[in-house]
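Before any comments, here is the structure.
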Amino acid sequence: MPTRKKFEVSAEDLHIILAKLEQLHHVRDLNTLLDALLTESRHMAHADAGSIFLAEGEFLKFSYVQNDTLFRNDFLSNKYIYSNQTVSIDLTSLAGYVAKTGESLLIDDAYAIDSQKPYTFNATFDDISQYRTTSMLIVPLTTSKNERLGVLELINRINDQGEAIPFSEYEKNLVALFAFYASVAIERALLLRNVVHKMLKMTQIRDPEETQPHVERVGAYAVEIYQRWAERHKVPHDEIVTFRDVLSTAAMLHDIGKVGIADRILQKNGPLSEEEYEQMKWHVIYGAEFFRNPHSEWDSLAYEITLNHHEKWDGTGYPGIGRNDPLTIDNRAGKKGNSIPLSARIVALADVYDALISKRPYKDPWEEDRVLHHIRGQAGKHFDPEIVEIFFEIYDIIRAIRSKWEK
Ligand SMILES: [Fe+2]
Ligand SMILES: [Fe+2]
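Here the sequence shown is numbered in our numbering, starting from 358 and rising by one per residue.
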């Protein structure tokens, strides 16, 4: 445990750590938090790359990756690509060793590890990516009760000349201290994620369509589409981070209102009759009921998304009501264009894309070309044309997300 050992950290560095922790404690979404934790740790130790593994039972799951050299041109398009690996928690791998023993490791050259050591370096990532790992700094992530959360791994400390040099003992202590205190924020983000997962379980027990991978993908697509939208619209960085943070989990809950729909409709194997379809529409109202009296930005966004994710850009969607209207379906007309909240315009596309391209109990997956053709054709009809444009701009990211949460 990093805090049990005594070591000196300069007052200036301690100050920096405290300021960074203060920022992290505002973040609630797990992915946003891991991203921020990794970015800050890398800055502190001048690392070119890094990743975070989270513990799941006896395995570590590769959960986040950053790499300035590999992703220099377009970081976003790559960050999901390698994020599908798992490592056993045992002494044979570097990350496994750190998770198992709770000890931090400093490796000066990953390709010259003493053969007496129980662990070896796994060069698969380097082989696939043509990246050359040299120095490594690996620290455990634990809860305040010393339970295992995961591992933070930093790669290649870069000097002023751009060369990879070993990390110092001081940097190891600094990052370990930071990671130790940051774990409180990770614990809290995991807690929120657990609550969201439990809410989703309620629908999943009854609704075969809303599988865990489906909602994970919709949440992730939504965040990436928003990111590109916000960059285009010059939204300030802090605002982007906050919105991404709440959007991810709020988007996952888009169909939570299906808990109010009868089994015979939810579990029907085949197209719904007109009367059944009318009843199904009410899931947007039931969902919005959950978040009607917002206590936080997260509640407000979840309200917007649950209520409006079946609105269509051309006004032919439902329920067609505004925030102050009574919660009901207005069958005269849907909301139109920009009067549909951005979050819901994004989720509408993310949800439909995922439904079409995936297998559902009542249908086989559509061919990718057919799905893309359909989406293109619905720009300005079902979907906001700008969101469609962005979707195609970042399609490689969308695909990478799909393979990360493949069923
Ligand atoms: Fe829905
Ligand atoms: Fe859905």
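Where a beta carbon is used, it is the ideal one built from N, C-alpha and C, also for glycine.
Three-state class that DSSP yields for residue i in the structure shown
i	result
E504	coil
E742	In the sequence as displayed, the identity of residue 742 is Pro instead of Glu. DSSP places P742 in helix when its eight states are reduced to three.
S450	strand
K615	helix
R717	strand
A690	coil
S434	Note that S434 scores a pLDDT of 44, beneath 50, so its modelled location is shaky; the value from the coordinates is reported in the next line. Note: S434 maps to helix in three-state DSSP.
N388	helix
I697	coil
H372	helix
T490	coil
R514	strand
L328	Limits of the chain in this structure are 358 at one end and 764 at the other, which puts residue 328 out of reach.
I678	coil
T673	coil
L394	helix
L509	strand
I470	coil
T458	helix
S367	coil
Run of the beta strand (DSSP E) containing residue i, from where it starts to where it stops
i	result
G407	404 to 413
L463	462 to 464
A421	Residue identity check: residue 421 is Tyr in the sequence provided, not Ala. Taken as a continuous stretch (DSSP letters only), the beta strand (DSSP E) holding Y421 covers 416 to 424.
V444	443 to 445
From the options, residue whose alpha carbon lies closest to that of residue i
i	options	result
V455	A412, T481, F648	A412
G644	G617, H590, Q636, P628	G617
G737	I751, A404, R702	R702
A406	R717, T560, D392	D392
S420	L387, A404, G414, R574	L387
K418	I446, S501, N513	I446
A539	V496, D425, D620	V496
K761	V575, R545, E544, A480	V575
P698	N665, E369, E573, V728	N665
I522	I642, S492, A542, F647	S492
V384	S486, L604, R756	L604
T499	S461, N479, T568	S461
P475	Y527, S450, E567	S450
N479	S501, E504, G453, N503	G453
L463	K529, T606, T443	K529
E750	H739, E763, R733	R733
A533	A402, H590, I686	A402
V572	K669, D612, H594	D612
A469	R489, T458, I485	R489
E379	F535, V552, K457	F535
T426	N551, S486, L506, P593	S486
N- and C-terminal bounds of the alpha helix (DSSP H) containing residue i
i	result
L498	Careful: L498 lies outside any alpha helix (DSSP H), inside the beta strand (DSSP E) at 493 to 499.
F535	526 to 563
G734	725 to 734
L604	594 to 609
Y752	752 to 761
D484	481 to 486
N665	654 to 665
W586	569 to 589
I622	620 to 623
Y643	640 to 647
Check: residue i C-beta below 8 Å from any heavy atom of ligand 4
i	result
V641	Inclusion of ligand 4 in the displayed structure is not the case, the ligand content consisting of ligand 1 and ligand 2 alone.
- Message: With three or more C-beta pairs closer than 8 Å as the rule, is the region 624 to 642 touching the region 586 to 604?
- Response: Taking 8 Å as the limit for Cβ pairs, the verdict is that the region 624 to 642 does not touch the region 586 to 604.
- Task: Please write down, chain order preserved, every residue whose beta carbon lies under 5 Å from a heavy atom of ligand 2.
- Result: With the cut-off at 5 Å, the residues found are D612, D708.
- Message: For the region 585 to 592 against the region 741 to 757, do three or more pairs of beta-carbon atoms, one drawn from each stretch, fall closer than 8 Å, so that the two count as touching?
- Response: Counting C-beta pairs with one atom in each stretch, the region 585 to 592 and the region 741 to 757 have three or more that are closer than 8 Å, which means they touch.
- Message: Measuring CB atoms only, is the region 505 to 517 touching the region 475 to 495, in the sense that at least three cross pairs come out at less than 8 Å?
- Response: Three or more Cβ pairs closer than 8 Å define a contact, and the region 505 to 517 meets that threshold against the region 475 to 495.
- Item | Inter-stretch contact at 8 Å, needing at least 3 Cβ pairs: the region 657 to 675 / the region 701 to 720 | The region 657 to 675 is in contact with the region 701 to 720.
- Task: Determine contact between the region 670 to 677 and the region 689 to 698, defined as no fewer than three beta-carbon pairs at a distance below 8 Å.
- Result: Two segments are said to touch when three or more pairs of C-beta atoms, one from each, lie closer than 8 Å; by this definition the region 670 to 677 touches the region 689 to 698.
- Would you check if there are 3 or more beta carbon pairs closer than 8 Å linking the region 720 to 728 to the region 529 to 548? Contact between the region 720 to 728 and the region 529 to 548 is absent, because fewer than three Cβ pairs lie under 8 Å.
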